[in-house]
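Report on the following structure.
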Amino acid sequence: MCLGIPGKVVEIFEEGGLKMGHIDYGGTQNKACLEYVPEIEIGQYTIIHAGFAISIIDEMEAQQSWDAWREMAEAAAREGIDLFGEETGASA
1334 MCLGIPGKVV
1344 EIFEEGGLKM
1354 GHIDYGGTQN
1364 KACLEYVPEI
1374 EIGQYTIIHA
1384 GFAISIIDEM
1394 EAQQSWDAWR
1404 EMAEAAAREG
1414 IDLFGEETGA
1424 SA
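Take 1334 as the starting number for the sequence shown in our numbering and just add one per residue.
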């Protein structure tokens, strides 16, 4: 099973002969390789796995994915566990 994170392409550039982009993950930006989705354009949404864009999605799909992530984080916090599996002490 792989874990993909939705993000919005905010910049496209070439690095080392590869199509790369800066991806916005709801306020945090990081670099990703866009070679697997060569037709992607600035403003489109993508799923990023291990630093690679693996598919193009629409804004509604991205929002649904962000909502699911938020729900998981909230449920984990209620149980005293953060998304990295560390105890937070919230449950006794």
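Note that CB positions come from ideal geometry on N, CA and C, so glycine has one too.
Quick caveat: nothing in here was measured; it's all calculated off a predicted structure.
Exposure of L1351 is indicated by the presence of fewer than 16 other C-beta atoms within 10 angstroms of its C-beta. For E1394, no beta strand (DSSP E) run applies; the uninterrupted alpha helix (DSSP H) run containing it begins and ends at E1392 to R1411, by DSSP. Judged by DSSP secondary structure, C1366 falls within the beta strand (DSSP E) whose first and last residues are Q1362 to C1366. Inter-residue distance for I1375 and W1399 is about 19 Å (C-alpha atoms, whole angstroms). Between I1356 and I1387, the gap from beta carbon to beta carbon reaches 8 Å or more. For G1354, the uninterrupted beta strand (DSSP E) segment begins and ends at L1351 to D1357.
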